Amino acid sequence: MLPAAVTTTPETTFEELMSVLLESRQATAAVLDDQQRLVGLVGIHDVLRKVVPLYVNLDRKLMEVMHEGYFEERVARLRNTRVRDFMVQAIDSVSPEDTLIKAVGIIVEKHRKTLPVIDDGRFVGMITRRTILEHVIPPLIGTSQSAKPPSETATEDEL
Amino acid sequence: MSPAVEEAAHAAAAWNYWVACAIFVVSFALIVSEKVHKTKVALLGAAVTMVLAIVSENEAFRSERFGIDHEVIFLLIGMMIIVNILGRSGIFDWSAVRLAKAAKGEPFAILAAFLIFTAVFSALLDNVTTVLLFAPVTLLIADELELDPVPFLVLLAVASNIGGTATLIGDPPNLIIGARADLPFMSFVYNLAPAVVVMMVALLVIVWVLFGRKLKVDEERKQHILSMDESRLIRDPVLVKKSLAVLAMVTVGFATHGITHIEPATTALFGAALLLAISNLDPHKILAEVEWPTIFFFIGLFIIVGGVVKVGLVTDLSQLVIDWTKPTEDSMFMTSMVILWVSAFLSAFLDNIPYVATMAPMVKDMAGTVFLEPGQEMTKEVLQNPVMMPVWWALAFGSCLGGNGTPIGASANVVVLGIAEKGGRKISFLRFMGWGMPIMVVTLIIAHIYLYLRYYYFAG
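If you want it as C-alpha cells, here you go:
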C-alpha cells in the first residue's frame with residue numbers, strides 16, 4: 007500500500023490537483039467525498055484525455071492538421087476545470103482482508119496502475135505498481151520478512 | 020373441385036392471410052419499438068414466413084415479387100465495398116479541409132460548402148457512409164473555429180438525406196422504388212434532382228437566416244484553418260486515384276444504364292470487384308466491413324413483405340388507397356399528394372426502408388387495379404405510364420425527405436447522433452427535431468409545388 011496516498015475532492019481545481027500530484031510525485035490521486043468515501047480516481051492520464059478531443063478516436067489522422075499550439079491552448083483551457091470533470095470511476099478495488107495475489111491479479115489482468123483499498127466503504131489507501139516494487143517484492147526475495155496480505159500492509163501508519 | 024375441397028382451400032387461404040398479416044404487424048411493431056435489433060426481427064419474421072409456407076423457398080429466393088430482390092441486395096453490397104475502400108484513402112478528410120480553406124475560414128461559407136459536398140456525395144454514395152466519413156473532420160473544423168459542432172452535424176445529416184433523394188442509389192427507398200417500378204437511374208435524376216437542387220438552395224437560405232449570419236470567427240481562428248496542410252490527411256495517394264476512377268466509372272455506368280442496358284447492380288458489382296482487384300487490400304477486411312446487418316435486414320424484409328403481397332393484404336391496402344384518393348386513368352393528383360405527405364410523416368417516425376418495401380408493391384398493385392382488366396399481366400408500360408410517374412416520385416420524395424423529421428427518421432441521423440455522443444456532445448431528440456422538422460416541412464412544400472407544376476399544371 008502507498009505511504010500516504012494522495013487524495014483530492016471532486017471540487018478541487020485543475021491547478022490545485024496538479025500541485026498536489028507534483029508534490030507527492032504520484033501519477034494518480036484518489037477522489038474522496040466529505041465522508042471519506044472513494045468517488046473516483048484522477049491522474050495525469052485523465053488530464054491528458056481531456057486535452058485530446060474525443061473525435062480523433064474516429065479518425066486519428068486528423069491530429070496531423072491541428073494548428074501549432076493546439077495542445078497548449080487546450081491545457082490552458084482546462085485551468086478552471088474541476089476534478090469531477092475528468093475523474094474516472096474506480097471500477098476495481100480491494101478490501102484490507104483480500105489477499106495479495108488478488109490485488110496483484112487485478113493489476114496485471116486489467117492493466118491497472120493503481121488499485122484503491124476500501125474498508126467498509128471508507129477509503130484507506132492505494133496499492134500501486136510502485137508500492138509492490140518498493141515494499142512488497144524486496145522482503146520476499148531478500149529478507150526473512152514474510153509476505154503480508156494487504157490487510158496487514160493496509161494502514162497508512164504502518165507503511 | 021368438390022365443394023369440400025374448395026372449402027378447405029378457402030380456409031387455408033384465409034389462414035395464410037391472417038398468419039402473414041400477423042407476422043407483418045408483429046415484425047413492424049418490433050422494428051418500430053427498437054427493443055430488438057431490426058435485423059433479428061426481419062430475419063425471424065422471414066424464417067417464420069417460410070417455415071409456415073406462406074412463401075415457398077423457391078419464391079423467397081427466386082421470385083422478385085414474393086421474395087428477395089437481389090438487384091437491391093447486390094447494388095447495396097457493391098456500393099458498400101466501393102465506399103469502404105474510398106473511405107480508407109483519406110479523400111474525404113482532404114476534401115473537407117480543401118473546402119474549408121477555399122471558404123477562407125468563413126464559418127457560413129464552410130458550412131455551405133460542406134452541406135453541398137455532402138449532398139452531392141450522398142447522391143452518389145450511401146448517405147450513412149458519406150456522413151460517417153465526413154463527420155469527424157467536421158468536428159475538427161468546428162473545434163478549430165471554436166464553434167458549437169452540433170448544428171454542423173445535424174445539418175450534415177439533413178443535407179445527406181436531401182441529396183440522397185436525387186438518385187436511384189442515393190437513398191434505400193429509391194433503390195426499392197427503382198427495382199419495383201423498373202425505373203432507370205437517369206429517370207430518377209431527371210425527375211427528382213431539379214427539385215433537390217431547389218431544396219438545397221432553400222436549406223442554405225434557411226441556415227443563413229436562422230443561424231449562419233450570426234456565426235463570427237476571429238482572424239486567428241481562420242488562420243488555423245488556412246494553415247492546415249491537407250496533404251497529410253491522404254492515407255494512400257494511389258488508392259485515392261484508383262477509387263475515384265472506379266467511382267467515376269460506376270457513376271457513368273449508372274448514368275448510361277438507359278443506353279448500355281447494364282443494370283445498376285451489375286455496374287456496382289463490377290466496380291467493387293475491380294477496385295478490390297486493383298487495390299492491395301485484404302478482401303477479408305473489406306468484406307467484413309460490409310454492413311451485413313443492413314443487408315440481412317433487407318433480405319428479411321423482402322420475404323416478410325413477399326408474404327403479405329402473396330396473401331393479398333397489399334391488394335387490400337391498395338384498394339383502401341384507391342377508395343380514399345380516387346385515382347383514375349387520367350389523373351392521380353390526389354393519390355400523389357396524399358402519398359407524399361403521409362409517407363413523409365410516417366417515414367419521420369418509422370424506418371423508411373420497411374415502409375417503402377411495403378408501399379412500392381402497393382403502388383404497383385394500385386396501378387394494376389386502375390389500368391388493367393382483371394387477369395391482365397402487369398407491364399413496364401403500365402407501371403411507368405405518365406399518370407403513374409408522379410405517384411412514384413411522390414413516394415420517393417415523401418419517404419426520403421421524411422427522414423429529416425426526427426433523429427430516428429433516417430440512418431444518417433442515427434449515425435450523426437452516435438458520432439456526436441462519442442465526441443462528447445449529446446444531441447437530444449427535440450434539439451434535432453428543432454432543425455429537422457421545419458426543414459422537412461419546407462422541402463415537402465417544395466416537392467408538393469414541384470410535383471404539381473411539373474406533372475399536373477404544365478403537363479395538363
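Protein chains in written order, with our numbering: chain A, 7 to 165; chain B, 20 to 479. By construction, the Cβ of each residue, glycine as well, lies at the ideal position given by its N, Cα and C atoms. Small disclaimer: the values here were computed from a predicted structure and weren't measured.
{"query": "LEU320 of chain B versus GLU21 of chain A - alpha carbon distance", "result": "57 Å"}
{"query": "Chain A contacts from the segment 157-177 of chain B (Cβ-Cβ distance under 8 Å)", "result": "LEU158, LEU159, ASP162, GLU163"}
{"query": "Backbone CA spacing between THR87 of chain A and GLU53 of chain B [nearest angstrom]", "result": "38 Å"}
{"query": "Distance between beta carbons of LEU202 of chain B and ILE196 of chain B, contact taken as under 8 Å", "result": "7 Å"}
{"query": "Neighbour flag for VAL12 of chain A against chain B, beta carbons, 8 Å", "result": "no"}
{"query": "Counted within 10 angstroms of its Cβ, other Cβ atoms place LEU229 of chain B as buried (16 or more) or exposed", "result": "exposed"}
{"query": "Residue environment, TYR469 of chain B, which counts as buried when at least 16 other CB atoms sit within 10 Å", "result": "buried"}
{"query": "Assigned exposure category for LYS383 of chain B - 16 Cβ within 10 Å defines buried", "result": "buried"}
{"query": "Test: VAL71 of chain A CB closer than 8 Å to a CB of chain B", "result": "yes"}
{"query": "Beta carbon proximity, ASP65 of chain A to chain B, threshold 8 Å", "result": "yes"}
{"query": "The segment 180-191 of chain B touching the segment 378-395 of chain B, judged by at least three CB pairs closer than 8 Å", "result": "no"}
{"query": "VAL110 of chain A and ILE138 of chain A closer than 8 Å at C-beta", "result": "yes"}
{"query": "Chain-ordered residues of the segment 432-446 of chain B with a beta carbon less than 7 Å from chain A", "result": "ILE438, LYS441, GLY442, GLY443"}
{"query": "Beta-ladder partner(s) of GLY46 of chain A, from DSSP", "result": "A:VAL37"}
{"query": "Beta carbon proximity, VAL147 of chain B to chain A, threshold 8 Å", "result": "no"}
{"query": "PRO191 of chain B in three-state terms, based on DSSP", "result": "helix"}
{"query": "Cβ of HIS29 of chain B within 8 Å of any chain A Cβ", "result": "no"}
{"query": "Residues in the segment 38-59 of chain A having any Cβ partner in chain B nearer than 8 Å", "result": "PRO59"}
{"query": "Short CB-CB distance (under 8 Å) between ILE112 of chain B and chain A", "result": "At residue 112 of chain B the sequence reads Asp, which differs from the Ile that was named. Yes - at least one Cβ of chain A is within 8 Å of the one on ASP112 of chain B."}
{"query": "Other residues of its chain near LYS154 of chain A: CB distance less than 6 Å, five sequence neighbours each side excluded", "result": "For LYS154 of chain A, the pLDDT reaches just 48, beneath the cut-off of 50, and the residue's location in the model is therefore unreliable, although a value from the coordinates is still provided. Here the set comprises nothing."}
{"query": "Nearest residue (CA-CA) to LYS445 of chain B, options B:ALA119, B:ASP167, B:ALA65", "result": "B:ASP167"}
{"query": "Meets three-Cβ-pair contact criterion under 8 Å: the segment 114-132 of chain B and the segment 240-258 of chain B", "result": "yes"}
{"query": "CB contact below 8 Å: LEU179 of chain A versus chain B", "result": "The requested residue 179 of chain A is not part of the displayed model; chain A covers only 7 to 165."}
{"query": "Residue closest to PRO122 of chain A, alpha-carbon to alpha-carbon, out of A:ARG31, A:THR19, A:LEU38, A:VAL26", "result": "A:LEU38"}
{"query": "Coil, strand or helix - ILE446 of chain B by DSSP", "result": "coil"}
{"query": "Exposure label - PRO346 of chain B; buried when at least 16 CB within 10 Å", "result": "buried"}
{"query": "Straight-line gap, TRP311 of chain B to LEU252 of chain B (C-alpha atoms, nearest Å)", "result": "29 Å"}
{"query": "CB contact check: LEU27 of chain A to chain B, cutoff 8 Å", "result": "no"}
{"query": "Separation of VAL328 of chain B from GLY64 of chain B, as counted between CA atoms", "result": "15 Å"}
{"query": "Helix, strand or coil at THR14 of chain A [DSSP, three-state]", "result": "strand"}
{"query": "Same chain, Cβ closer than 8 Å to HIS276 of chain B, five either side skipped, listed in chain order", "result": "PRO203, PHE204, MET205, GLU282, PRO283, THR286"}
{"query": "CB-CB length for ARG117 of chain B against ASP255 of chain B, believed under 8 Å", "result": "With 8 Å as the limit, ARG117 of chain B and ASP255 of chain B do not qualify as a contact, their Cβ atoms being about 17 Å apart."}
{"query": "Cβ pair count under 8 Å reaching 3, the segment 291-311 of chain B against the segment 97-105 of chain B", "result": "yes"}
{"query": "With 16 other Cβ atoms within 10 Å as the buried cut-off, status of GLU78 of chain B", "result": "buried"}
{"query": "Contact belief for MET459 of chain B with GLY417 of chain B at Cβ below 8 Å, rounded distance in angstroms", "result": "MET459 of chain B to GLY417 of chain B, Cβ: 10 Å. No contact."}
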